[in-house]
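Q:
There are 2 protein chains.
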Amino acid sequence: MSDIAPPVAALIEEFARLPGVGVKTAQRLAFFILRCPTDQARRLSDAIMRVKESIIYCSRCFNITETDPCPICANAGRDQDTICVVEEPLDVIALEKTGAYKGLYHVLHGALSPMNGIGRKDLRIDELMRRLEEGNVREVILATNPSFEGDYTAGFIKSEIKGKLNGASADLRVTSLARGLSLGSDLEYADEGTLGRAIEGRRDL
Amino acid sequence: MSDIAPPVAALIEEFARLPGVGVKTAQRLAFFILRCPTDQARRLSDAIMRVKESIIYCSRCFNITETDPCPICANAGRDQDTICVVEEPLDVIALEKTGAYKGLYHVLHGALSPMNGIGRKDLRIDELMRRLEEGNVREVILATNPSFEGDYTAGFIKSEIKGKLNGASADLRVTSLARGLSLGSDLEYADEGTLGRAIEGRRDL
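Taken in sequence, the protein lines are chains X and R.
Heads up: the first sequence runs through residues -10 to 194, numbered per my numbering.
Heads up: the second sequence runs through residues -10 to 194, numbered per my numbering.
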């Protein structure tokens, strides 16, 4: 990079810090910025700082929001007795898009991963337990990712609920999302784990 | 995106305008910005605007630069009688890294592509011809990409030189980069075109 103009070298370096962006991609992005209209570059530059300045976490569900509580927690029209527990704010977006869920959320901000040193204190598990202790919730949907870490996290939370909410837990249903074949997928190409779950979870037609 | 906080939605939208960045990648980048240290986000935000504010094109070679003429054109230690013609500023960086070239450059900012409506007026071809008419140049290396457009552009420039610089062109050598097998590549996996060129261009050992 010795012969490249310093501002361009700096931009390439900053782009390359983004996840999944290597040096070649960072170069391509930097040269795109160089050539795009100044307005477009300014919109991107401003949008980056606006996110840092205006986004907070909801003090109830820990989803990202501009207001506290967030619009979903503040919406009295949503089922107040159901909490869907997800790993990331992006999962909330994905679930909201389906239109199939009308309850509240709780964002853990990750999954338990002893291998990577991520324990219960790094996630919003204690805050979830406090919400459940209030006693208004009748169903917790553990919608963590269908991965090793996600399943481990769901299992951990389930045992926490069963252990800590002795009296209350009788009325509290703990569920998880259905596992099976994805819509539009091909049985012949499905992995063994997915196909195994699809057989175990088979339903009457 | 209806339920996502507007500043985050705006950032996702701006990231998705970058080349090769789809909506999913843009979401991932936006959430990375959300979580990264504010300092890092500010550095990226500032680097974007700094590039727009401080980078200009060299009035001789049209490479990107902060000063005019650019450091390469201004360097009296470089061979003033050789011009390497490239499509993009990134090509200059790649050639400089080799350390194998000590002459000047001329950046066309693209390649001729009649299919995409890119003609000679969109490139810096006239400016190249004016540099050659000054009569100090003894070799022009046409280092356009080894693609259809790149070869077409090189052929076009060569015929311009032969046509316009009748008297002067006798002393002007027009060359192109060698074609053949890449270093470390596998003969068995080389495409026919590359292998064909490698045979045509074979050299005595």
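Heads up, the beta-carbon is just placed ideally off N, CA and C, and yes, glycines get one too.
Please state if the CB of X/Arg67 and the CB of X/Pro58 are separated by a distance shorter than 8 Å.
A: Their beta carbons are not under 8 Å apart, which means X/Pro58 does not touch X/Arg67 by this criterion.
Q: From the DSSP output, in three-state form, read off X/Arg109 for me.
A: Of the three classes helix, strand and coil, the one that applies to X/Arg109 here is helix, per DSSP.
Q: Apart from the five residues just before and just after X/Ser43, which ones in its own chain have a Cβ nearer than 8 Å to its Cβ?
A: Within the same chain, X/Ser43 has close Cβ partners Glu55.
Q: Using a Cβ-Cβ cut-off of 8 Å, state whether R/Glu55 counts as contacting chain X.
A: So, interface residue.
Q: From what residue to what residue does the beta strand (DSSP E) around R/Arg55 run?
A: Inspection of the sequence shows that residue 55 of chain R is occupied by Glu rather than by Arg. Note, R/Glu55: premise wrong, no beta strand (DSSP E); not H, not E.
Q: With distances taken Cα to Cα, identify the nearest neighbour of X/Val75 among X/Asn134, X/Lys153, X/Gly169 and X/Thr87.
A: Ranking the options by Cα distance to X/Val75, first place goes to X/Asn134.
Q: Check for me: the alpha helix (DSSP H) holding R/Ile150 runs from which residue to which?
A: Note, R/Ile150: alpha helix (DSSP H), Phe137 to Lys153.
Q: Check whether the region 140 to 149 of chain R touches the region 81 to 96 of chain R, counting contact only when three or more Cβ pairs, one atom from each stretch, lie closer than 8 Å.
A: Touching, no, given that fewer than three Cβ pairs across the two stretches are closer than 8 Å.
Q: Under a Cβ-count criterion, where at least 16 other Cβ atoms within 10 Å of its own Cβ denotes burial, should R/Tyr178 be classed as buried or exposed?
A: Exposed, because fewer than 16 other Cβ atoms sit within 10 Å of the Cβ of R/Tyr178.
Q: Is it buried or exposed for R/Gly139, if we count other Cβ within 10 angstroms and need 16 for buried?
A: Looking at its Cβ environment, which holds 16 or more other Cβ atoms inside 10 Å, R/Gly139 is buried.
Q: The beta strand (DSSP E) that contains R/Leu131, what's its start and end?
A: Taken as a continuous stretch (DSSP letters only), the beta strand (DSSP E) holding R/Leu131 covers Glu128 to Leu131.
Q: Using the C-alpha atoms, what's the distance from X/Arg31 back to X/Ala19?
A: Roughly 14 Å between the two C-alpha positions.
Q: With DSSP collapsed to three states, give me the class of X/Tyr90.
A: The answer is coil: DSSP assigns X/Tyr90 none of H, G, I, E or B.
Q: Note down, one range per segment and in chain order, each beta strand (DSSP E) of at least 3 residues found wholly within the region -3 to 80 of chain R.
A: Taking only runs of at least 3 residues, the beta strand (DSSP E) segments lying wholly in the region -3 to 80 of chain R are 71 to 75.
Q: For the region 30 to 49 of chain X, enumerate the residues whose C-beta is nearer than 7 Å to any C-beta of chain R, in chain order.
A: From the region 30 to 49 of chain X, only Ala30, Arg31, Arg32, Leu33, Ser34, Ala36, Ile37, Met38, Arg39, Val40, Lys41, Ser43 and Ile44 have a Cβ closer than 7 Å to chain R.
Q: Is X/Arg17 close to chain R, meaning its C-beta is less than 8 Å from at least one C-beta of that chain?
A: Yes, contact with chain R.
Q: Using a Cβ-Cβ distance under 8 Å, would X/Phe51 count as near chain R?
A: It does not: the Cβ of X/Phe51 has no partner Cβ on chain R nearer than 8 Å.
Q: Below 8 Å between beta carbons: does that hold for R/Val126 and R/Arg119?
A: Their beta carbons are not under 8 Å apart, which means R/Val126 does not touch R/Arg119 by this criterion.
Q: Give me the chain X residues within the contact set of R/Leu79, using Cβ-Cβ distance strictly less than 7 Å, ordered along the chain.
A: Simply Gln16 and Phe20.
Q: Residues bridged to R/Thr164 by DSSP?
A: R/Thr164 pairs with R/Ile130.
Q: Are R/Ser165 and R/Ile130 touching if we call contact CB-CB under 8 Å?
A: Going by C-beta atoms, R/Ser165 is nearer than 8 Å to R/Ile130.
Q: Find the nearest neighbour of X/Arg202 within the set X/Ala167, X/Asp180, X/Glu181 and X/Leu172, judged by alpha-carbon distance.
A: As shown, chain X starts at -10 and ends at 194. That puts residue 202 of chain X outside it, with no answer to give.
Q: Between which residues of its own chain and R/Leu0 is the CB-CB distance below 6 Å, once the five residues before and five after are set aside?
A: So the qualifying residues of the chain are Ala19.
Q: Mind listing the chain X neighbours of R/Pro8? Cutoff is C-beta to C-beta under 9 Å, in chain order.
A: Chain X residues near R/Pro8: Arg17, Leu18 and Phe21.
Q: Check whether chain R comes within 8 Å of X/Glu3, counting only Cβ atoms and requiring the distance to be less than that.
A: Interface residue, yes.
Q: Going by DSSP, which residues form a beta bridge with R/Ser102?
A: In DSSP, R/Ser102 forms a bridge with R/Ile107.
Q: Would you identify the three-state DSSP class for R/Met(-10), choosing helix, strand or coil?
A: Unreliable positioning characterises R/Met(-10) in this predicted model, as indicated by a pLDDT of 43, which lies under 50. The coordinate reading is nonetheless provided below. Correct three-state label for R/Met(-10): coil.
Q: Leaving out five residues before and five after X/Leu161 in sequence, what residues of the same chain have Cβ atoms less than 6 Å from its Cβ?
A: Closer than 6 Å at the Cβ level, and outside the excluded window around X/Leu161, lies no residue.
Q: Would you mind giving the Cβ-Cβ distance between X/Ala132 and X/Asp80, rounded to the nearest angstrom? I have them listed as a contact below 8 Å.
A: At roughly 7 Å, the Cβ-Cβ gap stays under 8 Å, so X/Ala132 and X/Asp80 are in contact.
Q: Which residue wins for smallest C-alpha separation from R/Cys73, given the options R/Ala63, R/Ile53, R/Val96 and R/Ala65?
A: For R/Cys73, the nearest C-alpha among the options comes from R/Val96.
Q: Suppose you measure from the CA of R/Met(-10) to the CA of X/Ala83; what does that come to, to the nearest Å?
A: Unreliable placement is indicated for R/Met(-10), whose pLDDT of 43 sits below 50; no coordinate value is reported for it.
Q: Give a yes or no on whether the minimum CB-CB distance between R/Leu93 and chain X is below 8 Å.
A: It does not; no Cβ of chain X falls within 8 Å.
Q: Using a beta-carbon distance cut-off of less than 8 Å, what residues from the region 163 to 192 of chain R approach chain X?
A: Listed by position along the chain: nothing, the set is empty.
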